[in-house]
Every structure is written in structure tokens, then in C-alpha cells.
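Residue numbers (the numbering used here), protein chains in the order written: chain A, 27 to 216; chain B, 7 to 250.
The structure is reproduced here in C-alpha cells:
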């Protein structure tokens, strides 16, 4: 049957990819169009009689079915967008305020806006509550961590002074200093 | 290494120990001599924080926000960090000890962050439900003003996002997020019927735990049970039962 198959496909795609697939602009517009068409069909059918009660039962059953498929489409769309939004906000906690390149391509413009709004939201709360929520995500095993620098000629602020990073060089620095740089991808943990 | 430097800061003063609201905190504070044993005060708070975190992890919904613990931890952490930064390290032994203190600090910070973050996750998951019941939740002190603001702002950006992507493109009759779906619940709610492991802290007496068989159990201090969350919900809130 053709009712809601497009919507089902949309949701299946959510389950298939490791993170997110590209925002399915085409699929979403198709479903939206389907909804609008159904709605005008229903309205037209209703307008054929003065009172919906007077329509034959088969027509009323058809109407009910189309109506509920319309609602299902709507619900599927909301679920799709909502689920993507949840994954985007989870990504924020993993990778920080900058979206990694390979992920940016998969998001629609509005989703990127959502990400930045979420960033603002969390930053506001962090300043309210006084703890840096983005750091300290993993249980600290050691106070120092061995890292390798991925970039050269960058200056790094540590609690005990400035450190100049050289590309490929190894350093042993405090975890608290390293965390934000690891998140930005400037150094990596070994 | 002189221990005096860390205790001397006096960042636990009389005020901090006296404003606690819950029975737990009163119980522990009464046993402490307020002028000495500042380290004991921190340890007690750490225990309370762990307890709060474990309970929050087990419960399907937002529990009472232990704001006073978070605030005290903030002061502890600030004080300890300042003491550590100010302390001149002279010699390997001192460096070792100060790195231990630093690790301890990192662990405390980690615990607090996890607790706060867990609560934010719960808020985000059930944001529409929480805002619908905001009055009741605020009255029970299960959120503070900042969390309420977080919930409202998150709802705004999420709803705005859903609107821009879906709702605004729908015909007018269906453009509201809730419209026409009273058959199904469109907002996710916390599942209050999950099973939790709990310990009874106070004698409670007979409690009805199941609708079907008219089952009642006697809850006495020290009992440990695995029960559905819903029937014991109000006892969690008044701290007669704890989750483990």
C-alpha cells in the first residue's frame, strides 16, 4: 500500500546510519506534500455533503483512514526531526562548540542553527551554575595525560605557564589543561 | 608538607553547616565539630553527592534538586583549587601530595558535573511533560530556577526547530504540535512503572504496591526491595526510601 510508506522509509533510514545520514530534504517535502494533498481531499469530500453524517459509511470509513494516515505522517515527521535534534545535541557534548567537518555536511541549515542555539543555551546554564559542564566528561584516571600535538606553532595556556606546541611533539600535561585542546582536535591523547 | 595551609582557609565556616534542609545533612552535621575537621565536612559532602547521583541515576524522573550540596561543592572546589595554586611546590614529596589533592579535586568536579548533566538530560528528554507540570515540580523543589529556565529555553529552541521544519508547512488545522492526537500521547513522559532497587529508611507501614492482586507490603526500616517506582514515588520525595 502507499499510505505512509515514504514516512516509514524516512524513519528506517534513521536506524540504519551510524550517526545521521544527510537530512532528507526531498523525502520530507514529499511527505509534507502528501499531507497537504490528503487534507484537501478530505476537505473536498466533506464539502460534498451538508452534514458529514449523511455521507455513506464507506466514505466515512475512508475519511477516517485517510485522516489517521495524515496524522501518522505528521507524527513520523516530528519523530524524524526530533530524533535528529537529539543526536545533534548529544554530539555537542562529545565534540564541543564546533561541528566536525564530516558531520556538518549531513545537517540542514536549520539544524546547524539549532546546534548553535543549543550551544548558547548550555553556555548560559554553565555560567549560572558555575561548573564547566563540557569538561570532565570522562572519569579522570590520571592527573597528567600524555598527548601528541597535531598542530605546530600554537600557544597553549596551562596552569603553570605558556606552552608552545610543535607539530608531532609529545607532551605530558595536566588533564585539566589538556581537555579543551583535545576537544578542539589540536592535540590527541595517547 | 604543612597541612595547616589547606585547613587554614576556613572555607567551611559555621554558616555553611547550618542552612541544610534535609534530614540527611542534619544528621551528619550534628556529629561534626564545626571548628575543626574541615576535611570531614568535605568527605561527608562527597558521600551526600554520591548518594544524590546514584538516586538520580536510578529514578526515571527528576528527583529533588540537591542544590545545597552542589553549592557547597562549588565552594569546596574553589577553595581547594586556590589553595593548590597558591601553594609553592618545593620538592618531589610535596609535588606528589599536591598532585593527589589535584586528582581528588578533579574527581569531585567530575562527580558534580555528572550529577548536573544527568538532570539536564532528564529535562531534555521530557521537556514538554515537565513544562506542563512545572508548577507541581517547582513546588516539590525538584527543579531550581536555573533548571526551569533551561527547560523553557530548550523547549523554545526545540519547538521552534520542529515548527520551522514541519509544523509551519502543514495545513492550518494540523499546525499545532498537539492537535488532533488525543488518541496517542505525543509528548514523551517519564516511565514511572520501571523497577527500582530501594532501601527503606524509616518505618512506613502498609503500602499498596499493585492494583491487581490488592497486594500490600509492610515497609520497615532496613528492608531492601525491588519494586515498581510508581507506588513508592512519594516516599522517595520525602526521603523515607532511598534508591540504590
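Where a beta carbon is used, it is the ideal one built from N, C-alpha and C, also for glycine.
Got a sec? Which residues, its chain only, sit under 8 Å from residue 248 of chain B by beta carbon, not counting five neighbours each side?
Closer than 8 Å at Cβ, skipping near neighbours: 57, 61, 204, 205, 207 and 242.
Closest to residue 170 of chain A by C-alpha separation, out of A:29, A:44 and A:216, would be which residue?
The residue with the shortest Cα to Cα distance from residue 170 of chain A is A:216.
Output yes if chain B places a C-beta closer than 8 Å to the C-beta of residue 30 of chain A; else output no.
False, the Cβ-Cβ gap to chain B never drops below 8 Å.
For residue 62 of chain A, return the contacting residues in chain B, with the cut-off set at a CB-CB distance below 7 Å.
In chain order: 177.
Less than 8 Å separating the beta-carbons of residue 148 of chain A and residue 159 of chain A?
Yes; because the gap between Cβ atoms is below 8 Å, this pair is in contact.
In whole angstroms, what is the alpha-carbon distance linking residue 22 of chain A and residue 129 of chain A?
Because residue 22 of chain A is not part of the residues shown, which for chain A are 27 to 216, the question remains open.
Any residues in the segment 139-169 of chain B with a beta carbon nearer than 7 Å to a beta carbon of chain A? Which ones, in chain order?
Listed by position, the residues of the segment 139-169 of chain B near chain A (Cβ gap below 7 Å) are 152, 156, 159, 160, 163, 164, 167 and 168.
Which residues, taken in chain order from the segment 234-245 of chain B, show a beta carbon closer than 7 Å to some beta carbon of chain A?
Here the close residues number zero.
Is the beta carbon of residue 192 of chain A sitting closer than 8 Å to the one on residue 175 of chain A?
Yes, these two residues count as a Cβ contact at 8 Å.
According to DSSP, is residue 49 of chain B part of a helix, a strand, or is it coil?
Reduced to three states, the DSSP call for residue 49 of chain B is helix.
Measuring only the C-alpha atoms, how far is residue 133 of chain B from residue 157 of chain B?
When rounded, the distance between both Cα atoms is 6 Å.
Taking the alpha carbon of residue 210 of chain A as the point to measure from, which residue in A:177, A:190 and A:194 has its own alpha carbon closest?
Ranking A:177, A:190 and A:194 by Cα distance to residue 210 of chain A puts A:177 first.
Are the CB atoms of residue 46 of chain A and residue 106 of chain A within a distance shorter than 8 Å?
Cβ distance not < 8 Å, so residue 106 of chain A and residue 46 of chain A don't count as in contact.
Please work out which residues of its chain come closer than 8 Å, Cβ to Cβ, to residue 71 of chain B, disregarding the five sequence neighbours upstream and downstream, and give them in chain order.
Correct list, in chain order: 125, 147, 148, 149, 150 and 153.
Measuring straight from C-alpha to C-alpha, what distance separates residue 32 of chain A and residue 56 of chain A?
If I take the Cα positions, the gap works out to 8 Å.
Of all Cβ atoms in chain A, is any one closer than 8 Å to the Cβ of residue 130 of chain B?
Chain A contact via Cβ: present.
Hey, quick one: how far does the alpha helix (DSSP H) through residue 157 of chain A stretch, first residue to last?
Here residue 157 of chain A belongs to no alpha helix (DSSP H), and DSSP marks it neither H nor E.
So, under 8 Å CB-CB, residue 54 of chain B and residue 75 of chain B are touching, yes? Tell me the CB distance rounded to an integer number of Å.
About 5 Å; that satisfies the 8 Å criterion.
Mind checking residue 190 of chain A: buried by the 16 CB within 10 Å criterion, or exposed?
Classification for residue 190 of chain A: exposed.
In the DSSP assignment, the alpha helix (DSSP H) including residue 161 of chain B goes from what residue to what residue?
Segment 151-171, the alpha helix (DSSP H) holding residue 161 of chain B.
According to the neighbour-count rule (16 or more other Cβ atoms, all chains shown, within 10 Å of its Cβ), is residue 202 of chain A buried or exposed?
Buried is the call here.
For residue 100 of chain A, is the classification buried or exposed, using 16 other Cβ atoms within 10 angstroms of its Cβ as the cut-off for buried?
Buried.
If you run the structure through DSSP and keep just helix, strand and coil, what is residue 139 of chain B?
It is coil, neither helix nor strand.
With distances taken Cα to Cα, identify the nearest neighbour of residue 66 of chain A among B:239, B:176 and B:183.
Out of B:239, B:176 and B:183, B:176 has the C-alpha closest to the C-alpha of residue 66 of chain A.
Residues in the segment 123-155 of chain A with C-beta within 7 Å of chain B's C-beta atoms, listed in sequence order?
Those would be 136, 140, 143, 144, 147, 151, 154 and 155, in chain order.
Taking the straight line between their C-alpha atoms, what separation do you get for residue 169 of chain B and residue 135 of chain A?
Rounded to whole angstroms, residue 169 of chain B to residue 135 of chain A spans 14 Å at the Cα level.
Step through the CB atoms of chain A and report whether any lies within less than 8 Å of the CB of residue 57 of chain B.
Not an interface residue.
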